[in-house]
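J.: Just so you know, the numbering used here puts 230 at position 225 of the sequence shown, and the rest follows in order with no gaps.
Every residue, glycine too, gets a C-beta built ideally from N, C-alpha and C.
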Amino acid sequence: MAEIDWARVGAESVELFKSLLRIETVNPPGNERPAAELIAGVLAREGIEHQLVERAPTRTSVVARLRGNGKRAPLLLNGHLDVVPVDRDKWRHDPFGAEEHDGCIWGRGAIDMKNMVAMGLMTLVLLKRTGAALERDVIFAGVADEEAGSREGALYLVEEHPELVRAEYVLNEVGGHTLHMGKRRFYPVQVAEKGICWFELIAEGSPGHGSMPRPDNAVVRLARAIERLGATRLPQKNLPVVEGFLRTLAAGAPFPQNKVMPLLLEPRLAGHLLGLMEKKDVDRAIGINAMLRNTTSPTVLSAGKKVNVIPSEARAQIDGRVLPGTAIADFLREVQAVVGDDVRINVLDRHDGTTFGTDTPLYEKIRSTLARHDPDGVAVPYMIPGFTDSFAYARLGATCYGFSPVKLGPELNFTGMYHGHDERIPKDGYLWGQRVLFELVRDFTAAT
Ligand SMILES: [Zn+2]
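#1: What does the alpha-carbon distance come out to for the pair P33 and C405?
#2: Determine the DSSP secondary structure at A139, reduced to helix, strand or coil.
#3: As an exercise, report each continuous beta strand (DSSP E) stretch of at least 3 residues that is fully enclosed by the stretch 257 to 323, in chain order.
#4: Taking 8 Å as the cut-off, is the C-beta of E151 nearer than that to any heavy atom in ligand 1?
#5: Under the DSSP definition of a beta bridge, which residues are partnered with T65?
#6: With distance defined between alpha-carbon atoms, name the residue in D286, V175, L184 and V327 nearest to Q241.
#7: Cα separation between G52 and R64?
#8: Going by the beta-carbon positions, is the gap between Q341 and I333 smaller than 9 Å?
#9: By how many angstroms is the C-alpha of P303 removed from the C-alpha of I231?
#10: What span of residues does the alpha helix (DSSP H) with F392 cover, start to end?
#11: Counting along the chain, where does the alpha helix (DSSP H) carrying Q455 start and finish?
#12: Which one of L254, N83 and L169 has the shortest CA to CA distance from L58?
#13: Around ligand 1, which residues pass a check of Cβ closer than 5 Å to any of its heavy atoms?
#14: Please classify V305 as buried or exposed, where buried requires at least 16 neighbouring CB atoms within 10 angstroms.
#15: Inspect the CB distances between the stretch 262 to 282 and the stretch 393 to 413 and report whether three or more fall short of 8 Å.
#16: In terms of residues, what are the limits of the alpha helix (DSSP H) holding F22?
#17: Under 6 Å Cβ to Cβ from L417, same chain only, skipping five residues before and after it: list those, please.
#18: Which complete alpha helix (DSSP H) runs does the stretch 188 to 245 hold, if anything under 4 residues is left out?
#19: Out of L48, T374, G108 and Q262, state which residue places its alpha-carbon closest to the alpha-carbon of K133.
#20: Can you tell me whether A403 is buried or exposed? The criterion is at least 16 other CB atoms within 10 Å of its CB, across all chains shown.
#21: Between the alpha carbons of A143 and G75, how many angstroms are there, rounded?
#22: So the alpha helix (DSSP H) N120 belongs to, where does it begin and stop?
#23: CB-CB under 7 Å to A275, same chain, minus the five flanking residues each way: which ones, in chain order?
#24: How about the stretch 80 to 89 and the stretch 118 to 129: do they share at least three Cβ pairs that are nearer than 8 Å?
#25: Contact criterion: CB-CB distance below 9 Å. Does G215 meet it with respect to chain B?
#26: Is the Cβ-Cβ distance between L126 and I44 less than 9 Å?
#27: Taking only three categories from DSSP, how would you classify V175?
#28: Return the CA-CA distance between H426 and C109, expressed in angstroms with no decimal places.
#29: Are three or more beta carbon pairs between the stretch 192 to 200 and the stretch 243 to 254 nearer than 8 Å?
#30: Which two residues bound the contiguous beta strand (DSSP E) that contains W96?
#31: Does the structure place the stretch 221 to 237 close enough to the stretch 367 to 382 that three or more beta carbon pairs sit under 8 Å?
#32: Does the stretch 218 to 227 come within contact of the stretch 136 to 156, defined as at least 3 CB pairs closer than 8 Å?
#33: Whole angstroms are fine: how far does the CA of E20 sit from the CA of F361?
#34: Span of the alpha helix (DSSP H) holding D448?
#35: How about A69 and A146: are their beta carbons less than 9 Å apart?
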């Protein structure tokens, strides 16, 4: 295999990444086609088999494939092309300028997740240029619509073009970043995602004139139910992946976190501890809380049309998140027990969570590749409270890991930049990630 000139390749990868950042793919509306076409242009130039796919005009995904000898099933590198909206006034630099400041490349999508799109694409390009002999196909998917639920992107591919994306393994987002804990460095690798159960709470009551308050006012009933939901933590369930994550982090943490974190696994203490933690470090507290239980967040309210008319119905939409392994029916029973019987539940949308083991050759290769590139860093499996395109690929039987490697200094908080203002990525950390991803894919897919 030809030697790789990393100075030159790194610069090329950064330019590609910046070009993607400069294309506005804010979802809604998405408009991923220009990004997909830019990628298709690169693939065409390199002579890599690919196609553009879309269910609706402008909502384009691009899928490419490098063929191996077929001895093993494919590895899929996934990246979504869309990004979440920006609050332009709150940014220090143009969110679509891909400018370099303070050693970082700034822009919406810098870590979520045009970095992985560019790194994955460049990985295919490098495998092709070096003439690597592969024992499995390497698929690249740059997909639309992840930020709005994947229906125009990964789900569409899985449902309508499964032959393009069927793979044994998927590498995707929300993992592989540096997490600093005291003096230690960890690299969370996402192996599990919670599922969703989005539902409505519906309260009913007698309609009437607002001048004569009624005891069964639907709005008041709904408000009581929401208040109960907001004040209650649903039952705690310690999943093995979560327990392992907290114990691993605790082992590297300074006092007193090293003592407190394991206590969060004690259901009798956890509620109280989380309450205290919310006052000191609310982001950490809510992140841990979401790993320990099913959760509900009321988000949308509707009732009544006129100030002097008591409506007969009031509704709240609730974003429910369900631990992998918990049946939706059991989650709904937990909710009903809290809100009481005088409100109804109507499920709007749902999908199950996913969880994958770490006893796979790919996980082992992730661990060893990280160890080579950051000997003091420790890979640690974890679960995210949200979901990614992985839930779609899991339906085709794939084992999916969130691993978009990026080295971050202690001053950069990964979760804070996700969907936040001033999203950016250290240029060095990006280049490090490009090399880690390439070597991981090369070593994992090489024909022996
Ligand atoms: Zn994302």
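T.: For this structure:
#1: Position 28 of the sequence shown, counted from the start, is the residue given in the question as residue 33. Position 400 of the sequence shown, counted from the start, is the residue given in the question as residue 405. Cα to Cα, P33 sits roughly 26 Å from C405.
#2: Locating residue 139 in the sequence shown gives position 134, counting from the first residue. Strictly speaking, residue 139 in this sequence is Leu, with Ala absent from that position. Of the three classes helix, strand and coil, the one that applies to L139 here is strand, per DSSP.
#3: 300 to 308
#4: Position 146 of the sequence shown holds residue 151. Checking the Cβ of E151 against ligand 1 gives yes.
#5: As a working mapping, residue 65 is identified with position 60 in the sequence shown. Answer by DSSP bridge pairing, in chain order: E59.
#6: Translated into the one-based positions of the sequence shown, residue 241 becomes position 236. Comparing Cα positions, the closest option is V327.
#7: Within the sequence shown, the letter at position 47 stands for residue 52. Within the sequence shown, the letter at position 59 stands for residue 64. Roughly 24 Å between the two C-alpha positions.
#8: Your numbering for residue 341 matches position 336 in the sequence shown. Your numbering for residue 333 matches position 328 in the sequence shown. Their beta carbons are not under 9 Å apart, which means Q341 does not touch I333 by this criterion.
#9: Position 226 of the sequence shown, counting from 1, holds the residue named residue 231. Position 298 of the sequence shown, counting from 1, holds the residue named residue 303. Their backbone Cα atoms lie some 7 Å apart in a straight line.
#10: Position 387 of the sequence shown holds residue 392. It is not in any alpha helix (DSSP H) - F392 carries neither H nor E in the DSSP assignment.
#11: The shown model of the chain, from 6 to 453, leaves out residue 455, and the question about it has no answer.
#12: As a position in the sequence shown, residue 58 is number 53, starting the count at 1. Just to set this straight, residue 58 is Val in the shown sequence, not Leu. The shortest C-alpha separation from V58 is found at L169.
#13: D117, M118 and E178
#14: On the sequence shown, position 300 is the one that residue 305 refers to. Exposed, by the Cβ-count rule.
#15: no
#16: Counted from its first residue, the sequence shown places residue 22 at position 17. F22 -> alpha helix (DSSP H) spans W11 to R27.
#17: Walking along the sequence shown from the start, residue 417 turns up at place 412. Same-chain partners within the cutoff: there are none.
#18: 223 to 236
#19: The residue you call residue 133 lines up with position 128 of the sequence shown. The candidate whose alpha carbon is nearest that of K133 is L48.
#20: Sequence index remark: in the sequence shown, residue 403 carries index 398 (1-based). Its Cβ being crowded by 16 or more others within 10 Å, A403 is buried.
#21: As a position in the sequence shown, residue 143 is number 138, starting the count at 1. As a position in the sequence shown, residue 75 is number 70, starting the count at 1. It is worth fixing the name first, because residue 143 is Val in this sequence and not Ala. So the alpha carbons of these two residues sit roughly 11 Å apart.
#22: Residue 120 sits at position 115 when you count from the first residue of the sequence shown. Looking at the DSSP string, the run of the alpha helix (DSSP H) that includes N120 is K119 to R134.
#23: Numbered from 1 along the sequence shown, position 270 holds the residue referred to as residue 275. The answer, listed in chain order, is Q241, L269 and L297.
#24: yes
#25: In the structure shown, chain B cannot be found, because there is only a single protein chain.
#26: The residue given as residue 126 occupies position 121 in the sequence shown. The residue given as residue 44 occupies position 39 in the sequence shown. In this structure, I44 lies closer than 9 Å to L126 by Cβ.
#27: Indexing the sequence shown from 1 puts residue 175 at position 170. It is a strand residue.
#28: As a working mapping, residue 426 is identified with position 421 in the sequence shown. As a working mapping, residue 109 is identified with position 104 in the sequence shown. Taking the straight line joining both Cα atoms gives about 14 Å.
#29: yes
#30: Taking the sequence shown and counting its residues from 1, the one referred to as residue 96 is at position 91. Counting along the chain, W96 falls outside any beta strand (DSSP E), and DSSP gives it neither H nor E.
#31: no
#32: no
#33: Along the sequence shown, one-based indexing puts residue 361 at 356. Along the sequence shown, one-based indexing puts residue 20 at 15. Cα-Cα distance, rounded: 34 Å.
#34: As a working note, residue 448 is residue 443 in the sequence shown. Segment K432 to T450, the alpha helix (DSSP H) holding D448.
#35: As a working mapping, residue 69 is identified with position 64 in the sequence shown. As a working mapping, residue 146 is identified with position 141 in the sequence shown. The answer is yes: Cβ separation under 9 Å.
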